[in-house]
Amino acid sequence: MTAAVLANNLWVLLCGLFVFMMTIAVGLLEVGELGERVVGSLVKTILITGLAVLVMAIVGFNTAFAPTVGGIIGNPLYGPGLFLGGFSPGIADSWWSVTGAGLRTGTYFLFETAFASVTLALVGVVALHKMKLSAFAIYSVVYLALIWALPAAWIWNPSGWLAKLGMVDFAGGLVVHGAAGAAGLGIVWQIWREEKARGLKVSTPVPYRVNPGWLTLAILLLWVGWFGFNPGSVLAFNDEAIVVVAITSYLLTSEIFNPLYVVNGILMGLIVITPLAGFVSPGSALILGLLCGPIFIYAEKFVGRAKWMSDPVGLFPGHLAGGIFGVLMIAFFAQNQFATGSGFPALPNGLFFGGGGAALKQLGIEILGIGVSVVAVFVLSHLTVRVLAALMRGITTSFAAEVETRTGAPAPLG
Amino acid sequence: MTAAVLANNLWVLLCGLFVFMMTIAVGLLEVGELGERVVGSLVKTILITGLAVLVMAIVGFNTAFAPTVGGIIGNPLYGPGLFLGGFSPGIADSWWSVTGAGLRTGTYFLFETAFASVTLALVGVVALHKMKLSAFAIYSVVYLALIWALPAAWIWNPSGWLAKLGMVDFAGGLVVHGAAGAAGLGIVWQIWREEKARGLKVSTPVPYRVNPGWLTLAILLLWVGWFGFNPGSVLAFNDEAIVVVAITSYLLTSEIFNPLYVVNGILMGLIVITPLAGFVSPGSALILGLLCGPIFIYAEKFVGRAKWMSDPVGLFPGHLAGGIFGVLMIAFFAQNQFATGSGFPALPNGLFFGGGGAALKQLGIEILGIGVSVVAVFVLSHLTVRVLAALMRGITTSFAAEVETRTGAPAPLG
Amino acid sequence: MTAAVLANNLWVLLCGLFVFMMTIAVGLLEVGELGERVVGSLVKTILITGLAVLVMAIVGFNTAFAPTVGGIIGNPLYGPGLFLGGFSPGIADSWWSVTGAGLRTGTYFLFETAFASVTLALVGVVALHKMKLSAFAIYSVVYLALIWALPAAWIWNPSGWLAKLGMVDFAGGLVVHGAAGAAGLGIVWQIWREEKARGLKVSTPVPYRVNPGWLTLAILLLWVGWFGFNPGSVLAFNDEAIVVVAITSYLLTSEIFNPLYVVNGILMGLIVITPLAGFVSPGSALILGLLCGPIFIYAEKFVGRAKWMSDPVGLFPGHLAGGIFGVLMIAFFAQNQFATGSGFPALPNGLFFGGGGAALKQLGIEILGIGVSVVAVFVLSHLTVRVLAALMRGITTSFAAEVETRTGAPAPLG
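Protein chains in written order, with our numbering: chain A, 9 to 422; chain B, 9 to 422; chain C, 9 to 422.
Below, the structure is given as structure tokens:
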């Protein structure tokens with residue numbers, strides 16, 4: 009095993025730990041912003057992380073990252089990925105798609121599972137106080153095995169059809185944030201359907217109950233955790249990993265002075281840079297950082313007008329809009345020299361760096377990828393909760409239903 | 009210095025930091041489960057960590073890990089280990105027993121001291137509210153210099169008599185958890201002797217006073233800290249370190265939905281896998297994970313029948329029973345190919361993998377090692393507190409004695 | 009890229025993250041010791057970190073670490089450092105002063121920016137409740153671009169005039185702690201001038217309002233963070249980095265049993281070892297650790313007699329006095345063999361190790377460096393706040409002024 013392989017595995021493993029810490033942070037965010045009980049948050053975090061490890065090990069790691077069937081979905085029976093090799097000692101082999109960097113199957117599994125886990129936690133925020141925990145648990149299994157796996161298989165898996173078209177999404181503007189937003193939208197729509205059926209005119213809002221201490225802990229943990237989010241995605245500790253760290257830190261300067269805007273400012277900056285952190289210069293990152301605040305505020309106002317849903321922590325203006333915006337910006341701000349260092353030598357310069365026709369073509373590919381992925385995730389997510397609703401007599405908590413019609417107050421997690 | 013040596017040292021050093029964080033987590037567990045004041049917990053954590061660094065540096069690192077005298081105990085005067093070389097610059101040399109991995113004396117010292125520290129913190133939990141802090145401090149010195157050092161010298165030190173017989177204990181099912189349990193038992197017996205002498209019929213229970221916030225922080229910190237516990241024990245960042253990480257995460261799925269069971273479920277899973285994490289497949293780890301819950305619950309009921317002691321955080325059903333169970337399972341689940349990758353090429357396959365007679369022999373060795381180690385640690389621990397009780401007119405707090413006879417309420421840390 | 013370069017960059021990057029965590033910890037210290045609102049602390053931490061990243065990227069990294077103009081100040085227009093190369097992909101090149109270790113510009117930038125950030129956070133503690141936040145923000149820009157940059161350019165920059173004389177300061181006894189103390193003194197003096205002008209005879213004390221929970225979190229975070237402070241300063245993960253870690257941990261044993269003394273005991277130990285951690289043996293580190301407590305207590309009494317200022321968290325007895333003491337001790341305790349391993353082969357043995365005349369000369373150089381640096385930082389810091397006071401009609405909060413004259417109670421952050 010060469011020195012570079014050793015260092016790469018160590019690096020990616022540590023980044024996986026940092027990303028894993030972000031699942032914890034999302035749980036604490038629910039405590040700090042929405043007054044969720046801390047034990048409820050802990051149980052949910054353990055449920056999400058535990059299911060992610062288990063479902064991804066059994067099949068989700070394969071459906072997302074094994075050699076694909078026709079570019080559509082990873083082969084679920086691919087040997088090294090199926091339950092991580094089961095009882096076979098073959099797990100230590102390098103994972104097929106990163107043999108150059110020498111990442112072991114276990115390393116790559118943990119890193120990607122941490123990503124899957126944090127996207128599920130983001131989806132879980134819109135389910136808070138509204139969706140039955142049992143429904144959310146079953147939904148999680150489908151999400152991990154299939155819903156999340158599709159955009160990952162298309163874009164991050166080198167044999168995916170979008171990847172082959174040339175689509176890139178560095179650390180998951182679409183695969184992580186956009187997909188979480190689209191999946192959440194599918195759930196929120198079903199919640200509204202049930203609320204409407206109960207005669208509500210407006211979706212019961214989940215009120216803010218800010219607990220500054222837990223909010224602060226959540227923000228600090230997210231901040232530290234993100235340290236591993238973007239740099240780890242280079243999937244190899246090469247020169248460019250460092251550039252990415254610098255850029256990530258850059259964007260942390262775009263904050264505003266209000267506890268809720270502090271968290272959203274940090275998050276928005278981090279979300280927007282996610283899909284292109286490995287492709288742009290520090291100067292471009294600063295410009296992108298400066299654009300984040302206005303975009304979030306405009307998107308939040310737009311979303312806020314929708315009376316049929318409640319989005320207390322900005323999943324749609326933040327993760328969905330921000331993630332998509334960042335992916336689009338690849339076609340404007342990318343510089344081939346940075347992208348080459350990050351392992352994407354085929355990515356052309358963006359429109360602002362003389363990319364011309366190639367950049368326009370890249371923009372088209374990214375738009376295509378965004379459209380197909382968002383629609384697919386939304387439809388699958390909504391179908392899943394529709395089926396669950398049919399089987400479970402609705403996915404919303406019965407307690408919530410009672411309380412809503414009487415007082416409008418939020419119900420505890422079912 | 010070769011690249012592999014660089015990466016190995018960096019890896020083990022980081023793992024040491026994670027293990028060190030677990031000592032902090034045990035302190036916060038006392039706050040979150042037993043209502044200990046947070047400053048009291050902090051002072052105790054600093055005391056334990058500080059004593060561990062100091063006593064281990066002066067002599068405990070040698071008694072545990074220096075070349076042994078007849079396989080029984082490390083030579084306390086071995087040069088590089090005695091106060092880490094004192095004023096001599098020789099500290100940077102490789103530690104004798106890990107010259108292959110190239111670990112420096114300082115790296116190895118910090119890693120093992122973090123282990124010693126966390127076992128002492130576990131012992132400290134049964135002393136909470138019952139034992140004089142001064143008595144516990146003196147006990148700690150003996151524990152670090154001698155009591156803990158013995159099983160470490162026998163099993164982890166390659167020149168130890170049990171190691172030479174072929175006993176293995178990957179990351180400390182016996183050396184860490186079992187020994188902590190046996191040592192705690194020695195203390196608890198003396199506490200009961202003093203309580204009985206004061207006329208009590210039943211040991212005053214230390215009541216649960218759950219603080220969900222601190223309990224949550226403690227669990228999350230334990231979880232993150234364990235990340236470094238098992239993988240670091242490979243003592244070299246090789247392919248297998250990664251397998252271990254995957255396995256560790258696997259077991260995190262075995263939780264139950266109650267704040268106290270959440271913590272115990274996580275702990276039990278982590279404890280049981282500790283002694284064999286480097287030897288088994290992901291599939292075996294999952295099976296072991298599934299066995300943890302029932303074992304803990306049965307053991308807790310068994311321990312709960314004993315009226316002469318109070319074990320509020322499950323040191324005996326969790327760490328003692330779970331650690332011993334995990335060590336026994338080596339002879340059933342081990343696979344030579346995994347063990348070879350972890351640096352134990354002599355370990356035979358377990359009974360479930362066709363080990364046959366060799367596996368039976370291994371089972372015998374492990375049982376012998378468990379028996380001798382548990383008895384030795386228990387006897388030495390109890391003798392130490394007996395001597396302390398004679399010198400200090402009892403090891404229990406006088407305040408506790410007063411309160412007990414009148415109200416049965418727990419007393420603050422003396 | 010060689011294996012050693014890979015490991016060095018990974019190591020320094022991780023250490024940068026740990027140092028960055030200390031800025032967070034200083035913010036929580038204000039919450040835990042002085043009752044600052046946790047959201048106020050969070051906003052201040054984000055402000056400080058954000059400004060540090062931005063100002064250092066634009067110019068401060070160059071004024072401190074670019075090739076100097078006549079040994080006095082780094083060339084602000086040096087290409088790779090000026091806004092980290094702006095839109096140019098040249099950022100990935102190795103930084104000029106550490107080409108041997110192969111550190112990339114981005115790695116080195118993040119590591120040093122984390123240091124600048126934490127020193128600014130230390131200065132911010134004396135401004136708490138007293139100085140307008142707007143004034144502190146403007147002050148921060150000058151501090152990062154110029155005030156902090158000067159001692160860094162003189163001592164840490166290899167082309168600085170003090171570095172060329174032979175002055176050493178391993179991890180910043182003077183560059184970090186001493187400079188923060190001197191800068192804080194410049195602010196405190198201006199606060200006193202404004203308080204005196206309002207007719208006060210004694211500076212309004214900022215009272216202790218201890219919150220044990222946050223104090224505990226702050227201490228634990230500082231402790232973990234320091235793990236990266238000293239070892240990272242080797243700026244290369246070589247054998248000696250490990251020695252440093254061992255020494256850092258050593259000093260953690262010098263604590264006392266009172267929440268405020270616990271934090272100050274830990275801090276004092278860590279501060280004093282900072283400037284010489286890479287140069288001394290474990291034995292010397294222990295002796296230095298034993299000296300820390302008495303020095304702090306004596307210095308605190310001395311500072312406490314001054315009625316014209318308020319120093320609630322010991323910036324002057326701790327960071328200023330402790331940092332200077334540690335730097336002086338280089339000439340007594342250094343051992344050339346350790347220093348050579350840390351990359352300072354020219355440092356002679358200290359007086360206690362037969363250094364003789366060379367050690368005396370080293371002592372003279374260190375005293376010269378301390379004197380010039382402390383005076384320069386103090387004067388520049390004071391001039392900055394004098395100018396700000398003229399422009400903003402005083403730097404103290406108007407609310408503070410009102411409250412002081414009536415009740416003497418502390419005012420919230422302006």
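Every residue, glycine too, gets a C-beta built ideally from N, C-alpha and C.
- By the Cβ criterion, the stretch 182-197 of chain B is in contact with the stretch 133-142 of chain B, since at least three pairs of Cβ atoms, one from each stretch, lie closer than 8 angstroms.
- For S289 of chain C, the chain B residues whose C-beta falls within less than 9 angstroms of its own C-beta are L92, G93, G94, F95, S96, P97 and I99, listed in chain order.
- Between S105 of chain A and F73 of chain A, the CB-CB gap stays under 8 angstroms.
- DSSP places A367 of chain B in the uninterrupted alpha helix (DSSP H) bounded by G364 to M400.
- Assignment of M139 of chain A by DSSP, reduced to helix, strand and coil, places it in the strand class.
- Between G68 of chain C and A157 of chain C, the CB-CB gap stays under 8 angstroms.
- Between the stretch 352-365 of chain B and the stretch 315-326 of chain B there are fewer than three C-beta pairs closer than 8 angstroms, too few to call the two in contact.
- Its chain contains R217 as the residues whose beta carbon lies nearer than 6 angstroms to that of G43 of chain A, once the 5 sequence neighbours on both sides are disregarded; these appear in chain order.
- Shown here for V232 of chain C: same chain residues with a beta carbon closer than 8 angstroms to its own, the five before and five after excluded, namely F26 and M29 in chain order.
- Counting along the chain, the unbroken alpha helix (DSSP H) around K309 of chain A starts and ends at P290 to G312.
- One finds P220, G221 and T224 in chain B with Cβ atoms closer than 7 angstroms to the Cβ of V46 of chain A, taken in chain order.
- For L336 of chain B, the enclosing alpha helix (DSSP H) starts and ends at A329 to F341.
- As the crow flies, the alpha-carbon of L230 of chain C is around 16 angstroms from that of A124 of chain C.
- Beta-bridge partners of L42 of chain C (DSSP): C:R217.
- Pairing Y116 of chain A with W103 of chain A gives a Cβ-Cβ distance under 8 angstroms.
- Residue state for I281 of chain C is assigned as helix, using DSSP reduced to three classes.
- Residues of the stretch 25-36 of chain C with a C-beta less than 7 angstroms from any C-beta of chain A: L25, M29 and I32, listed in chain order.
- Using beta-carbon distances, L228 of chain B counts as an interface residue toward chain A, with a partner under 8 angstroms.
- L14 of chain C belongs to the set of residues whose beta carbon lies under 8 angstroms from a beta carbon in chain A.
- 8 angstroms or more divides the Cβ of V183 of chain C from the Cβ of F119 of chain C.
- Listed in chain order, the non-local C-beta contacts of L225 of chain C below 6 angstroms within the same chain comprise L36, local neighbours out to five positions each way being set aside.
- The Cβ of L18 of chain C sits closer than 8 angstroms to at least one Cβ of chain B.
- By the Cβ neighbour-count rule, V387 of chain C is exposed, with fewer than 16 other Cβ atoms within 10 Å of its own.
- For A11 of chain B, the chain C residues whose C-beta falls within less than 9 angstroms of its own C-beta are T10, A11, A12, L14 and A15, listed in chain order.
- Minimum Cα-Cα distance from N17 of chain C among the listed residues C:D101, C:M337 and C:V61 corresponds to C:D101.
- In the three-state DSSP reduction, V210 of chain A falls in the coil class, being neither helix nor strand.
- Contact between T113 of chain A and P88 of chain A holds, since their C-beta atoms are separated by about 5 angstroms, short of 8 angstroms.
- C-alpha of L50 of chain B to C-alpha of E308 of chain B: approximately 28 angstroms in a straight line.
- Residues of the stretch 130-149 of chain C with a Cβ closer than 8 angstroms to any Cβ of chain A: none.
- Straight through space, the alpha carbons of S292 of chain A and G93 of chain C are spaced by roughly 11 angstroms.
- G82 of chain B sits in a strand when the DSSP states are folded into three classes.
- Shown here, V321 of chain A sits in coil according to DSSP, grouped into three states, outside any helix or strand.
- Listed by position along chain A, the residues whose Cβ is nearer than 9 angstroms to that of L399 of chain C form an empty set, because the closest Cβ is around 22 angstroms away.
- Residue C:F91 holds the alpha-carbon nearest to the alpha-carbon of V61 of chain C among C:W200, C:V214 and C:F91.
- Secondary-structure assignment with DSSP links S102 of chain C through a beta bridge to C:R112.
- Using beta-carbon distances, A65 of chain B counts as an interface residue toward chain C, with a partner under 8 angstroms.
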